[in-house]
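Colleague: Residue 359 in this note's numbering sits at position 234 of the sequence shown, and the numbers go up by one each step.
Beta carbons: idealized from backbone N, C-alpha and C, even for Gly.
Predicted model only: the values in this text are computed from it and were never measured.
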Amino acid sequence: MRATDAMTLNRLLADAPNRWGHWGADDEIGALNYLTSDEVKRGLSAARDGRTFTLGVPIATHEGDPVFPGRWPAKHFMVADKAGFVNGHWQPLAGGLEFADDYVTGFAQAGTHCDALGHMWFDDKLWNGFPASSTNGGMTRAGIMPIAERGIVGRGVLLDVARFRGKPALERAETFTHHDLMECARAQGVDILPRSILLVRTGWVGALAAGSVGDDYWEPGLTFSLELVRWFDEMQIPNLVTDTLANETTYEPKTGLMLVLHAALMRNLGIVFTEMASLDALAADCAEDRRYEGFYCVSPAKVSKGTGGSANPVFIK
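#1: Using three-state DSSP, classify R167 as helix, strand or coil.
#2: Please look up how many angstroms separate the CB atoms of I317 and G279, rounded, as I've assumed it's under 8 Å.
#3: Drop a sphere of 10 angstroms on the beta-carbon of Q313, count the other beta-carbons inside from all chains shown, and report buried for 16 or more, exposed for fewer.
#4: Using the rule of at least 16 other Cβ atoms within 10 Å of the residue's Cβ for burial, across every protein chain shown, is T161 buried or exposed?
#5: Straight-line CA distance for D206 to A225?
#6: To which residues of the same chain is L264 closer than 7 Å at the C-beta, ignoring the five residues directly before and after it?
#7: Any idea which residues DSSP pairs R280 with across the strands?
#8: Which of the three DSSP states is assigned to E400 in this structure?
#9: Does DSSP classify D226 as helix, strand or coil?
#10: Identify the continuous alpha helix (DSSP H) that holds F210 and give its terminal residues.
#11: For F210 and H147, what's the separation of their Cα atoms in angstroms?
#12: In three-state terms, what does DSSP make of T376?
#13: Could you tell me the boundaries of the alpha helix (DSSP H) in which G331 lies?
#14: Rounded to the nearest angstrom, what separates K200 and A436 at their Cα positions?
#15: With a Cβ-Cβ cutoff of 7 Å, do I362 and A172 count as a contact?
#16: Compute the Euclidean distance between the alpha carbons of G346 and Y228, then round it to the nearest angstrom.
#17: Go through its chain and collect everything with a Cβ distance to W343's Cβ below 6 Å, but skip five positions before and after it.
#18: So, for A107: in the same chain, excluding its five sequence neighbours on each side, which residues have a beta-carbon less than 8 Å away from its beta-carbon?
#19: Return helix, strand or coil for P256, following the three-state DSSP convention.
#20: Please classify V204 as buried or exposed, where buried requires at least 16 neighbouring CB atoms within 10 angstroms.
#21: Please list the terminal residues of the continuous alpha helix (DSSP H) segment that includes I322.
#22: Are A294 and G328 closer than 7 Å when you measure CB to CB?
#23: Please report how far the alpha carbon of Q234 lies from the alpha carbon of G434, in whole angstroms.
#24: Please list, in chain order, all residues of the same chain as R176 whose beta carbon is under 8 Å from its beta carbon, the five residues on each side excluded.
#25: Between T70 and E377, what straight-line distance do the alpha-carbon atoms span, to the nearest angstrom?
#26: Based on the DSSP output, what are the partners of C75 in its beta bridges?
#27: Between F202, D174, G195 and P194, which lies nearest to T186 when the distance is taken from Cα to Cα?
#28: What is the rounded straight-line gap between the Cα of A267 and the Cα of A371?
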């Protein structure tokens, strides 16, 4: 599918809400401003028995990590190990200590990670109206550092859309809306309160790991409508977390435009995207005890001038 010549993001989002300037002309954390101390305490109160789930996917795996087309998986290299000492490349430290050391290289936008609010843009403007030229040579505005220094902490709600639809994983290009999220929440017996951190499970990360997707990464996920964008804005959602590579279906079905919600939710509303979270184990536990809320916290890596930062979110029930 290809976008028509007539349709652009500028036209599509002409009537969509926009929060530029809402928290000041220099704001770089957007909707995370909704996560006040009261919201942190609300999140803490949602943790009842102290059971902890970490949501990061493994990186630099032997099989190769799934990544969005155009990127390549992280690479892991051993710099020092026992063999190096045996072969005389390294000598024990004074007193006899030996050591292992390694090096990992890869995209900031791979594995489980948070996007900087300036990661994607159109019309030469990032989040809050910062110029796209501020990305030259590194993110000098709306990069990942302000988000990493702030942290993302609050009440998390898991919405298991795949299980709600009776599937281990949603199919390629399968879409859903905020109405589906609300219906899923009702079926699960959990409330989507204003300022909740939404964790949406499609089963996609498990399908990718199992190799059952193939090479065509037209992902399932949320799809654009003005009503959906207004709902996210009215609900003051600070952070959208999914188990997909891009947090939304790859192409907007009606127009063929790509990654529209990155523009409508992240660039315009300042909602932080956390992508490629591992939600299967948490979802299985929630299905067993019928409790889908908990304390959610994450801070991406503090990458200087970075477009994103790797993360290992924690969900405490």
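Modeller: This is what the structure holds:
#1: helix
#2: At roughly 13 Å, the Cβ-Cβ gap does not stay under 8 Å, so I317 and G279 are not in contact.
#3: buried
#4: exposed
#5: 5 Å
#6: The residue you asked about is not Leu; residue 264 is Met in the sequence shown. Within the same chain, M264 has close Cβ partners A241, G243, K430, G431 and T432.
#7: DSSP lists F420 as the beta-bridge partner residues of R280.
#8: strand
#9: strand
#10: K207 to V211
#11: 58 Å
#12: Rather than Thr, the amino acid found at residue 376 in this sequence is Tyr. DSSP places Y376 in strand when its eight states are reduced to three.
#13: W329 to A335
#14: Distance from the CA atom of K200 to the CA atom of A436, rounded to whole angstroms, is 17 Å.
#15: The answer is no: Cβ separation not under 7 Å.
#16: 34 Å
#17: R297, A298 and T375
#18: Outside the displayed span of the chain (126 to 442) sits residue 107, for which this structure offers no information.
#19: strand
#20: exposed
#21: First-last for I322: I322 to R326, but that is the beta strand (DSSP E), not the alpha helix (DSSP H).
#22: At the C-beta level, A294 and G328 come within 7 Å of one another.
#23: 7 Å
#24: Result list for R176: D410, I441 and K442, in chain order.
#25: Since the displayed the chain opens at 126 and closes at 442, residue 70 lies outside it and no answer follows.
#26: Because the chain here runs from 126 to 442, residue 75 falls outside it and cannot be looked at.
#27: Considering only F202, D174, G195 and P194, the residue with the shortest C-alpha distance to T186 is F202.
#28: 19 Å
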